[in-house]
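Structure first, then comments.
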Amino acid sequence: MNTIDKTLDEILTLAATHFKVPREKLTPDDDFFKTLGIDSLQALDLLTRLENHFQVELPDYELQGVSDFRTLASRIQARL
Amino acid sequence: MKESFQGDALAWTTRDGVIELALRRAPCNEIGSLSLTELEIFVDALPGLARDAHSLIIHSEMPAGFCAGADLRELYERSQALSKDTALAGVRDFLERIHQVMNTIDAAPLTTIAAVHGVTFGGGLELALVCDLIIADKMARFCFPELRLGLIPGFGGIPRLKRDLGNAVVRDLLLTGRSFNAAKAQASSLVSQVVAEGEALRVARATAAQLGKFDRRTSSTAKEFIKPIPYHELQQEIDIFCELFAQPAVEQGLRKFVESTEAQPYLP
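See below:
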C-alpha cells in the first residue's frame, strides 16, 4: 500500500500532467483550484482521474472544504 | 418530416438506419426552455424518423459532459420574476412537457443508446436513463444532486432508477446526492459498457451497426415486452416535485447555487 507521501506525489504528478502545469510549481499546501486554474466541473474531472488512478471511490462530500493537495491526499489515503 | 435539424441546443441526422441526436448547448447542455422546445421538435419528428431507423444515439458535443441537468439559473430567475402561484404553475407545465419528451424516447420503437462522457447529472442522467443502453467513457460521472437543492429529480429519474437498479443503489444515489464514476455505475448496472476516454460515440455507433442486423419488428416487440414505462409513478414524481418546490428551502438552495462564487457549487 502507498505511503501518504507517495500518494501525495502521485496526485501532484497527475494534476500537473493533466492540467498542463509544471510539476515543480505544485506544492502540497497549494490551493489546487487557484494553482491549477480550474472550476467545479474541472474539479470533478480531477476527482474522476484520481479515483481511476488509485482505484478508490471518493464521495463528493468528502471533498467539502478541501482545497489543498495534502488534505486531498489524506482523504484518498483513508480509502486505500 | 424533419429528417435532419440544426438547432441552437441540439441537432439530428439520420444515416444508415441510425438517428444521431447531438446535444450542443454550452456550457453543458443545461435543459431549460430552449432545449425543451427543441427536444419537443425532435419527438414530434421521431415517429417519421423511426420508420426508416433501427437505432437512436443521443450524445453531446460539449467537452464538459453529456448534460449537467436542468438550467437552474433560468429556473431561479423565472421563479423570482413571477408570483409564487404563477411560478409553480410554470414549473408544473415544464415538467409535464419534459415528461412527454422523456416518455416518448423511452417508448420509441427502436433501440436507444446514450453515449455519455463527463458530467451526466440530474436531468442529464434522466435523459440517459430513458435510453435502452448507456455507453460511458471512463471519465463520465453520474449524480442526482437535487437533494442539495431541497428537491428530488423531476424529469422521471426516480421511477426509471427504480425500474433499472437495485433499491440500495437508488437510495445511495438519491439520499446522499453523491456522484458515481463510470466504473461504479457499471458495477451498479446503470451503464452497459465503459470505454476509453473519448470513445463512447464510436462504440455507440458500432453497437448500433450491430443492432441493424436484427429484424426491427422483433426488436421493438421485445423491447415493449422487456421495458415497462412506470406512468403512474412518473406522474407521482411530478406531484411530489411541485409540492417540494413550494418550500422555502428550494429558493434558498437555488439562490445559493446561482449566486455562489465558491469553487464547488455542486457540493452541499
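Top line first, the protein sequences correspond to chains A and B. Residue numbers are given in the working numbering: position 26 of the first sequence equals residue 26, and the series is strictly consecutive. Residue numbers are given in the working numbering: position 214 of the second sequence equals residue 1214, and the series is strictly consecutive. By construction, the Cβ of each residue, glycine as well, lies at the ideal position given by its N, Cα and C atoms. Here the structure is a predicted model, which is why all the values come from computation and not from measurement.
(1) List the residues of chain A whose Cβ lies closer than 7 angstroms to the Cβ of residue 1184 of chain B, in chain order.
(2) Would you verify that the beta carbon of residue 1120 of chain B is, or is not, closer than 8 angstroms to some beta carbon of chain A?
(3) For residue 1254 of chain B and residue 61 of chain A, what's the separation of their Cα atoms in angstroms?
(4) Looking at the secondary structure, which residues open and close the alpha helix (DSSP H) in which residue 1067 of chain B lies?
(5) Using a threshold of 8 angstroms, state whether the C-beta atoms of residue 14 of chain A and residue 50 of chain A are closer than that.
(6) Quick check: the Cα distance between residue 3 of chain A and residue 1172 of chain B, rounded to an integer number of angstroms?
(7) Shortest alpha-carbon distance to residue 1236 of chain B belongs to which of B:1095, B:1142, B:1124?
(8) Could you work out which residue in B:1074, B:1136, B:1131, B:1017 is closest to residue 1156 of chain B when comparing CA atoms only?
(9) Please give me, in chain order, every unbroken run of the beta strand (DSSP E) with length at least 3 that falls completely inside the region 1101-1152 of chain B.
(10) Could you check the C-alpha separation between residue 1250 of chain B and residue 1121 of chain B for me, to the nearest Å?
(11) Evaluate residue 1227 of chain B with the Cβ neighbour count: other Cβ atoms within 10 Å of its Cβ, from every protein chain shown; 16 or more gives buried, anything less gives exposed.
(12) Excluding sequence positions up to five away, which residues of its chain have a Cβ less than 8 angstroms from the Cβ of residue 1016 of chain B?
(13) Is any beta-carbon of chain B found at less than 8 angstroms from that of residue 52 of chain A?
(14) Express the C-alpha separation of residue 1116 of chain B and residue 1032 of chain B in angstroms, rounding to a whole number.
(15) How long is the line joining the alpha carbons of residue 1107 of chain B and residue 1045 of chain B, rounded to whole angstroms?
(16) Any Cβ of chain A within less than 8 angstroms of the Cβ of residue 1062 of chain B?
(17) Of all Cβ atoms in chain B, is any one closer than 8 angstroms to the Cβ of residue 14 of chain A?
(18) Give the DSSP-derived three-state secondary structure of residue 1031 of chain B in the structure shown.
(19) Comparing the C-beta of residue 1131 of chain B with each C-beta of chain A, is any distance below 8 angstroms?
(20) Identify, in the order they occur along the chain, each residue of the same chain with its Cβ nearer than 8 angstroms to the Cβ of residue 1018 of chain B, setting aside the five sequence neighbours on each side.
(21) What residues match up with residue 68 of chain A in a beta bridge as DSSP calls it?
(22) For residue 41 of chain A and chain B, any beta-carbon pair shorter than 8 angstroms?
(23) Which of the three DSSP states is assigned to residue 52 of chain A in this structure?
(24) Could you list the residues in the region 1171-1182 of chain B with a C-beta less than 9 angstroms from some C-beta on chain A, going in chain order?
(25) Sort A:73, A:40, A:5 by Cα distance to residue 56 of chain A and report the nearest one.
(26) Hey, could you find the ends of the alpha helix (DSSP H) residue 1189 of chain B is sitting in?
(27) Does chain A have any CB closer than 8 angstroms to the CB of residue 1028 of chain B?
(28) Any C-beta of chain A within less than 7 angstroms: which residues of the region 1141-1155 of chain B qualify?
(29) In angstroms with no decimal places, state the Cα-to-Cα distance between residue 1149 of chain B and residue 1006 of chain B.
Taking the structure as given:
(1) Chain-order list of chain A residues neighbouring residue 1184 of chain B: 57, by C-beta distance under 7 angstroms.
(2) False, the Cβ-Cβ gap to chain A never drops below 8 angstroms.
(3) Looking at the two C-alpha atoms, the distance is approximately 19 angstroms.
(4) For residue 1067 of chain B, no alpha helix (DSSP H) segment is defined, and its DSSP state is neither H nor E.
(5) Cβ distance < 8 angstroms, so residue 14 of chain A and residue 50 of chain A count as in contact.
(6) About 30 angstroms.
(7) When the alpha-carbon of residue 1236 of chain B is set against those of B:1095, B:1142, B:1124, the nearest one is in B:1095.
(8) Minimum Cα-Cα distance from residue 1156 of chain B among the listed residues B:1074, B:1136, B:1131, B:1017 corresponds to B:1131.
(9) Complete beta strand (DSSP E) runs here, min 3: 1111-1116, 1119-1121, 1133-1137, 1141-1143.
(10) One Cα belongs to residue 1250 of chain B, the other to residue 1121 of chain B, and the distance between them is close to 18 angstroms.
(11) Classified as exposed, residue 1227 of chain B has fewer than 16 neighbouring CB atoms from the shown chains inside 10 Å of its CB.
(12) Excluding the 5 residues flanking it on each side, residue 1016 of chain B has same chain C-beta neighbours closer than 8 angstroms at 1209, 1212, in chain order.
(13) Answer yes: the Cβ-Cβ gap between residue 52 of chain A and chain B drops below 8 angstroms somewhere.
(14) A straight-line Cα-Cα distance of about 20 angstroms links residue 1032 of chain B and residue 1116 of chain B.
(15) Looking at the two C-alpha atoms, the distance is approximately 14 angstroms.
(16) So no, residue 1062 of chain B is outside the interface.
(17) Residue contact with chain B for residue 14 of chain A: absent (no Cβ-Cβ distance below 8 angstroms to any residue of chain B).
(18) Three-state DSSP puts residue 1031 of chain B in a strand.
(19) Residue 1131 of chain B does not count as touching chain A.
(20) Result list for residue 1018 of chain B: 1053, 1054, 1055, 1056, 1057, 1205, 1208, 1209, 1212, in chain order.
(21) DSSP lists A:31 as partners of residue 68 of chain A.
(22) Interface with chain B (8 angstroms Cβ-Cβ cutoff): residue 41 of chain A is included.
(23) Helix at residue 52 of chain A.
(24) If you check each beta-carbon in the region 1171-1182 of chain B against every beta-carbon of chain A, the ones closer than 9 angstroms belong to 1176, 1177, 1178, 1179, 1180, 1181, 1182.
(25) Residue 56 of chain A has its Cα closest to that of A:73, out of A:73, A:40, A:5.
(26) Neither: residue 1189 of chain B is in no alpha helix (DSSP H) and is coded neither H nor E.
(27) Yes - at least one Cβ of chain A is within 8 angstroms of the one on residue 1028 of chain B.
(28) Listed by position along the chain: 1141.
(29) Computed Cα separation, rounded: 33 angstroms.
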